[in-house]
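So the structure is just underneath, and the comments pick up after that.
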Amino acid sequence: MNSEQPRRFKFAPILTATVLTVLLLWLFKTVAQVLVLLMLGILISLYLGSVADWIQRRTKLDERFCLTIAILGSLGAVVLLAFVLVPPVVDQTRQLIQDLPRFINSWESGIDSLADRLPGMRDLVGNKGEHRTLIAAYDQVSGLFGSIPTKVFEIVHVAINIFAVGVMAIYLSAHPALYREWLIALFPPIHRDLVRDVLSELADSLRAYIVGQLLAMSFLGALTAVGLW
Numbered sequence: 010m011n012s013e014q015p016r017r018f019k020f021a022p023i024l025t026a027t028v029l030t031v032l033l034l035w036l037f038k039t040v041a042q043v044l045v046l047l048m049l050g051i052l053i054s055l056y057l058g059s060v061a062d063w064i065q066r067r068t069k070l071d072e073r074f075c076l077t078i079a080i081l082g083s084l085g086a087v088v089l090l091a092f093v094l095v096p097p098v099v100d101q102t103r104q105l106i107q108d109l110p111r112f113i114n115s116w117e118s119g120i121d122s123l124a125d126r127l128p129g130m131r132d133l134v135g136n137k138g139e140h141r142t143l144i145a146a147y148d149q150v151s152g153l154f155g156s157i158p159t160k161v162f163e164i165v166h167v168a169i170n171i172f173a174v175g176v177m178a179i180y181l182s183a184h185p186a187l188y189r190e191w192l193i194a195l196f197p198p199i200h201r202d203l204v205r206d207v208l209s210e211l212a213d214s215l216r217a218y219i220v221g222q223l224l225a226m227s228f229l230g231a232l233t234a235v236g237l238w
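Quick note: to get my numbering, add 9 to the position in the sequence shown (first position is 1).
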């Protein structure tokens, strides 16, 4: 009579799977920002490619020249938008800084009058003349100046990311077929035609999405401008 031997617990495969899972999660967390930047570059490249194709269909010019027109036109539109929006924001910020002391005095007077009507609030808001709002504003400004080096590094980091996205978008829009074929070459030959069709459909869907977003933003912007006017 043969007795069944107990099954041995296989610890090595479980440990290997756990380590690989942790490494993959760590790798994904590390490269997540790079993937986001790559996705933004792909979206911008699709936008530039669509604009260049539209210009080429209308003018029959060279493809590279149409892409240059699309890039320069897009940059010009961004600069024009900044030229229209930045001066009012700067002027309103300056006006707010000038009127801020008067606003603070009004707020403190309102708080003091409310505390006079409700004596229980005096312990919460403090005595008159303590300039509680000014002290709070000073603390906020002090904290802001204390974090200036961090803010500078964040601004530099954002500028580098914007430059990287712009460079990726230009290269992807200038040679879309080259990079698409590089990606397709990573798959087995039997599946490459399917991957090529899927990528083509994805590009069409993303182009339609970008056009829809631009139309929606333009429509909402026009309605908001008319309403505010």
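Backbone N, C-alpha and C define an ideal beta-carbon position, used for all residues, glycine too.
Of the listed residues the options, nearest to residue i (C-alpha basis)
i    : options               : result
G50  : Q222, L215, C75, L123 : L215
V220 : V93, L55, I23         : L55
A178 : M48, C75, F228, H166  : M48
E72  : L203, P185, T233      : P185
L84  : L232, L229, F172      : F172
Residue i to residue j span [Cα, whole Å]
i    : j    : result
S118 : R103 : 24 Å
T25  : T39  : 21 Å
A61  : A212 : 15 Å
L29  : K160 : 36 Å
A194 : L187 : 11 Å
T68  : A79  : 13 Å
L33  : L224 : 39 Å
H200 : I53  : 28 Å
A1   : D100 : Not covered by the structure: residue 1. The range shown for the chain is 10 to 238.
R189 : V235 : 43 Å
R66  : L192 : 28 Å
S115 : D108 : 11 Å
C-beta contact flag for residue i and residue j at 8 Å
i    : j    : result
G82  : S182 : no
N170 : L44  : no
Buried or exposed (CB count within 10 angstroms, at least 16 for buried), residue i
i    : result
L123 : exposed
V207 : exposed
V174 : buried
L90  : exposed
I64  : buried
L76  : buried
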